[in-house]
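Quick note, the sequences are listed as chains S and G, same order.
Sequential numbering from 163 applies to the first sequence in our numbering.
Sequential numbering from 163 applies to the second sequence in our numbering.
2 protein chains.
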Amino acid sequence: MTSTLLTDLYQLTMLQAYFDEGMNGTAAFEFFARKLPPRRNFLMAAGLEQVLDFLEGLRFEPDELEWLAGCGRFHRRFVDSLADLRFTGDVVAMPEGTVFFPDEPILRVVAPLREAQLIETRVINLLQFQTLVASKAARVRLAAPGKLLVDFGLRRAHGAEAGLLSARASFIAGFDGSATVEAGRRYGIPLFGTMAHSFIQAHRDEATAFRRFAHSHPQASTLLIDTYDTEKAAHKVVALARELAGEGIPIQAVRIDSGDLGAHSFRVRAILDAAGLTKVKIFASSNLDEDAVAALLAHDAPIDGFGVGTRMNTSADHPYLDCAYKLEEYEGVARRKRSEGKATWPGRKQVFRRAEAGAAFAGDRLTTNDDEQPGQPLLSPVMRAGRRLAPSPPLGAVRDHAAAQLARLPAPLRGLEEAPPYPVEVAARLLELARRVDAEVLDRT
Amino acid sequence: MTSTLLTDLYQLTMLQAYFDEGMNGTAAFEFFARKLPPRRNFLMAAGLEQVLDFLEGLRFEPDELEWLAGCGRFHRRFVDSLADLRFTGDVVAMPEGTVFFPDEPILRVVAPLREAQLIETRVINLLQFQTLVASKAARVRLAAPGKLLVDFGLRRAHGAEAGLLSARASFIAGFDGSATVEAGRRYGIPLFGTMAHSFIQAHRDEATAFRRFAHSHPQASTLLIDTYDTEKAAHKVVALARELAGEGIPIQAVRIDSGDLGAHSFRVRAILDAAGLTKVKIFASSNLDEDAVAALLAHDAPIDGFGVGTRMNTSADHPYLDCAYKLEEYEGVARRKRSEGKATWPGRKQVFRRAEAGAAFAGDRLTTNDDEQPGQPLLSPVMRAGRRLAPSPPLGAVRDHAAAQLARLPAPLRGLEEAPPYPVEVAARLLELARRVDAEVLDRT
């Protein structure tokens with residue numbers, strides 16, 4: 163599935179043209195977002211780890227080359243030249259979990275033109291999706307401080323990789339875990355999950371289903387109570403808890419998955435508390451997103467945790483980023499795309515972020531790579547000559563970095579509604595470079 | 163990536179409970195959509211092929227079992243029991259490309275409970291995504307009759323599998339091809355694509371870039387003309403076409419990727435026609451969806467083909483289906499989920515569709531599996547005892563079936579705006595079964 167042929171045809175047609183011309187000078191491409199989705203105040207970078215894996219593993223397999231040679235579009239000498247192609251370039255990037263804003267590159271690739279071009283499609287495919295999901299999941303995290311948040315979205319994620327990578331991206335952004343088993347195995351993400359309605363329905367009655375499940379999972383029984391009648395089921399949980407107490411089996415939590423989650427949670431909390439089950443948690447799910455969670459908590463619904471799926475991991479209100487991976491320099495000369503509404507800032511760039519130690523971020527400045535500005539530079543080297551410069555940080559450290567970033571966002575940007583934009587200035591040096599590039603381009607067109 | 167552990171944790175916790183109880187009777191689950199997304203008049207089934215592949219290949223690998231045994235949630239006897247687990251059930255389904263409506267099952271699995279339960283997550287993950295994309299792509303096809311439509315969406319698809327499967331689903335729904343090379347290799351989908359803006363920018367000037375590309379691809383040169391100034395570039399195409407005519411190299415098409423696509427297309431068409439290049443096609447891309455395409459064609463924009471990406475293959479206006487895979491029968495007894503707002507029709511079901519031969523579909527009837535109704539039954543057996551009953555139809559045949567389905571949709575449903583709903587009746591026999599199941603459930607709660 164992740165063959166090197168997982169790319170756009172035009173990458174290969176361009177490569178053949180470059181091959182025929184003998185063109186393969188050093189190119190610099192940068193990945194950035196053009197603008198924020200509606201109602202969003204920031205983005206959170208994610209996906210770098212998978213990009214670096216992709217670059218380190220880049221090669222055409224013999225059967226892929228055979229297919230290319232036989233497809234009727236490419237000549238043999240060009241196809242043969244691909245056999246030795248590896249990624250030999252350098253990469254600088256913002257660490258995963260870093261908050262960023264439009265026009266700020268989060269990744270720069272500097273490599274021979276053909277390599278830097280070939281990777282475009284998959285680099286965007288990996289960075290845009292995880293960044294999209296991390297940015298959405300961060301909103302859910304900000305809307306529910308202190309609450310347990312679990313990714314429930316594999317089934318309606320867009321395919322296998324989307325399910326896995328959205329578990330990863332939402333964990334980075336502050337979710338506590340995922341229901342996706344493979345994400346637990348692969349990334350060490352804590353797993354959550356107990357039973358579906360079918361489990362209740364397959365049994366003769368609900369109380370039997372609850373009892374059997376608790377016996378099979380004496381350490382981890384969250385009981386799903388909305389299959390027939392939520393409050394009646396809560397009473398059955400009370401009866402079962404008394405019965406199981408003698409066996410030393412606790413009920414951990416109940417889950418409500420339909421109806422008015424707020425109203426049910428108040429009634430269920432009252433039923434549980436009246437029976438002394440104050441430690442049994444209430445977990446809610448069903449079409450949740452940051453707005454639904456915020457609305458429940460604004461009414462003080464006694465819900466301890468949320469399963470958030472589809473709307474988070476498809477970023478349902480805006481399921482894509484207006485982002486690009488653009489040529490900014492070739493053979494030492496800065497370039498700039500001028501297409502209407504799609505112009506870019508030329509050259510290799512750096513982002514400096516100002517903030518008092520530990521205080522909220524005060525503003526960013528976008529400038530050329532060789533400029534110095536007040537604040538901290540956000541892009542730093544991660545790969546040289548096709549090899550990582552250091553082992554990747556553990557996912558827990560990435561998640562801590564993300565949490566620290568969210569904590570330092572100016573308060574209005576942490577809300578769910580659109581706030582005045584975070585200040586991102588373009589430094590004089592970059593403005594000057596853009597003017598110079600424009601003059602040269604006018605000359606060439 | 164497509165490990166059997168690509169599932170929700172609760173599938174495995176339920177399976178252990180069933181194992182402990184010795185429960186593994188015959189279960190029937192059905193996949194259906196609860197309702198249409200806003201502004202949609204129909205859905206188009208897709209993804210069955212990948213579901214059947216998944217079922218035929220279902221097994222736990224030794225390293226997966228080791229991980230499960232070591233993760234602290236499952237006991238050894240249960241994990242050992244998974245080593246022999248295969249899918250041994252039966253499947254009935256609507257053929258891919260079939261148009262369907264809410265509450266109509268497009269797939270039924272009848273299998274031992276544990277098998278039928280375990281597969282839930284991935285079955286939904288595969289069916290909902292391809293159905294979502296095929297349903298969206300069908301709208302683009304209906305909005306642009308006779309026009310060339312190409313999937314351009316891999317880069318902003320949600321990961322690798324989403325890119326591949328959206329190429330497949332959009333081809334089924336009537337797209338002519340894709341830019342995704344691996345989709346060409348794997349599914350035989352026709353490929354399209356030529357150059358990016360970076361190709362123009364990497365060259366000294368636009369005319370040189372055009373000439374070099376045409377020489378490298380003498381059979382297939384579509385030139386991207388919006389990097390600097392679209393109309394100036396069209397004049398360069400005219401000059402180049404004259405130059406290349408002597409060498410017998412034709413220019414096939416130009417592509418416009420920014421600005422007011424309609425206005426540019428009129429001006430570019432005039433420039434090309436004035437030079438006698440009436441056969442050079444105009445291809446347009448840039449944030450297109452069915453509405454944008456329809457608006458361009460409503461103004462008679464002289465555009466011959468469209469590259470449609472992100473908004474189609476993320477189904478951007480509604481990136482998920484309200485769909486489910488629900489237990490409808492266990493050990494011969496019909497079941498029904500009664501959760502508020504999420505109730506389902508019980509038992510094994512069939513859908514009959516009425517239509518005069520070759521005429522538009524006149525209405526569907528949802529009924530029990532053992533009932534007969536006027537019209538044609540839409541669900542038929544595709545797998546028995548875990549094996550396909552017949553080789554899968556070639557993708558071209560699936561695409562033809564889809565086109566025939568769209569042609570027989572009542573005319574108002576083929577429009578982009580919401581039409582009065584297509585008539586789907588529930589037959590007396592199913593209503594009666596639902597009443598009986600409700601009475602039994604009341605008895606049990």
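Cβ coordinates follow ideal geometry from the N, Cα and C atoms, glycine included.
Only a predicted model underlies this, so the values are computations on that prediction, with no experimental measurement involved.
Contact list for residue i against chain S, beta-carbon separation under 7 Å
| i | result |
| --- | --- |
| G/M357 | Y172, T175, M176 |
| G/K499 | H359, Q363, T389 |
| G/T169 | V343 |
| G/R330 | What G/R330 touches in chain S: nothing, since even the nearest Cβ is about 11 Å away. |
Residue i versus the options, residue with shortest Cα-Cα distance
| i | options | result |
| --- | --- | --- |
| G/E323 | G/R303, G/Q292, G/A195 | G/Q292 |
| S/T529 | S/V271, S/A519, S/L540, S/G494 | S/L540 |
| S/A589 | S/V253, S/P536, S/I281 | S/P536 |
| S/H480 | G/T472, G/A273, G/A486 | G/T472 |
| G/E218 | G/M206, G/L198, G/C233, G/F249 | G/F249 |
| G/D242 | G/Q178, G/Q279, G/A345 | G/Q178 |
| G/G187 | S/F514, S/A364, S/T164 | S/A364 |
| S/I576 | S/M256, S/K298, S/V560, S/T166 | First, the residue type needs correcting, since residue 576 of chain S is Arg and not Ile in the sequence shown. Of the candidates S/M256, S/K298, S/V560, S/T166, the one whose C-alpha sits nearest the C-alpha of S/R576 is S/K298. |
| G/M357 | S/F240, S/Q414, S/L174, S/A519 | S/L174 |
| S/M185 | S/L205, S/A395, S/P274, S/L220 | S/P274 |
| G/P200 | G/V470, G/P264, G/A207 | G/P264 |
| G/K443 | G/L450, G/A454, G/F191, G/F468 | G/F468 |
| S/N475 | S/V295, S/F193, S/D246 | S/V295 |
Reduced DSSP category for residue i - H, G, I as helix; E, B as strand; rest coil
| i | result |
| --- | --- |
| S/D252 | strand |
| S/E211 | helix |
| S/F314 | coil |
| G/G408 | coil |
| G/T440 | coil |
| G/K504 | coil |
| S/D367 | coil |
| G/S328 | helix |
| G/F263 | coil |
| G/S448 | coil |
| S/L574 | For the sequence presented, residue 574 of chain S should be read as Pro rather than Leu. Three-state result, S/P574: helix. |
| G/F372 | helix |
| S/A496 | strand |
| G/R515 | strand |
| S/R561 | helix |
| G/D526 | strand |
| G/T356 | coil |
| G/L220 | coil |
| S/R550 | strand |
| S/G424 | helix |
Residue interval of the beta strand (DSSP E) (run including residue i)
| i | result |
| --- | --- |
| S/A486 | 485 to 492 |
| G/M545 | 542 to 546 |
| G/I418 | 415 to 418 |
| S/M258 | According to the sequence displayed, residue 258 of chain S carries Glu and not Met. That residue, S/E258, is in no beta strand (DSSP E); it is neither H nor E in DSSP. |
| G/P224 | That residue, G/P224, is in no beta strand (DSSP E); its alpha helix (DSSP H) goes 224 to 232. |
| S/A189 | 188 to 195 |
| S/A273 | 269 to 274 |
| G/E587 | 586 to 588 |
Within chain G, partners of residue i - CB distance below 9 Å
| i | result |
| --- | --- |
| S/L327 | H320, G321 |
| S/M185 | A364, H365, R374 |
| S/Y349 | Under the 9 Å cutoff, chain G gives no residues; its nearest Cβ is about 12 Å from S/Y349. |
Range covered by the alpha helix (DSSP H) that runs through residue i
| i | result |
| --- | --- |
| S/D242 | 238 to 244 |
| G/S165 | Careful: G/S165 lies outside any alpha helix (DSSP H) and carries neither H nor E. |
| S/G467 | It is not in any alpha helix (DSSP H) - S/G467 instead sits in the beta strand (DSSP E) that spans 467 to 470. |
| G/L105 | Residue 105 of chain G cannot be examined here, being either before or after the span of chain G that is shown, 163 to 607. |
| S/L288 | 282 to 305 |
Cross-chain neighbours of residue i in chain G, by beta carbon under 7 Å
| i | result |
| --- | --- |
| S/K504 | S420 |
| S/W229 | R347 |
Within chain S, the residues that residue i reaches when beta carbons sit closer than 9 Å
| i | result |
| --- | --- |
| G/Q279 | A358, S360, F361, A364 |
is_contact[residue i, chain A] using C-beta, thresh 7 Å
| i | result |
| --- | --- |
| S/I286 | Absent here is chain A; the protein component of the structure consists of chains S and G. |
Within chain G, partners of residue i - CB distance below 8 Å
| i | result |
| --- | --- |
| S/D182 | R374, H377, S378 |
Within chain S, the residues that residue i reaches when beta carbons sit closer than 8 Å
| i | result |
| --- | --- |
| G/P224 | Near G/P224 there are no residues of chain S at all, since even the closest Cβ is about 13 Å away, more than 8 Å. |
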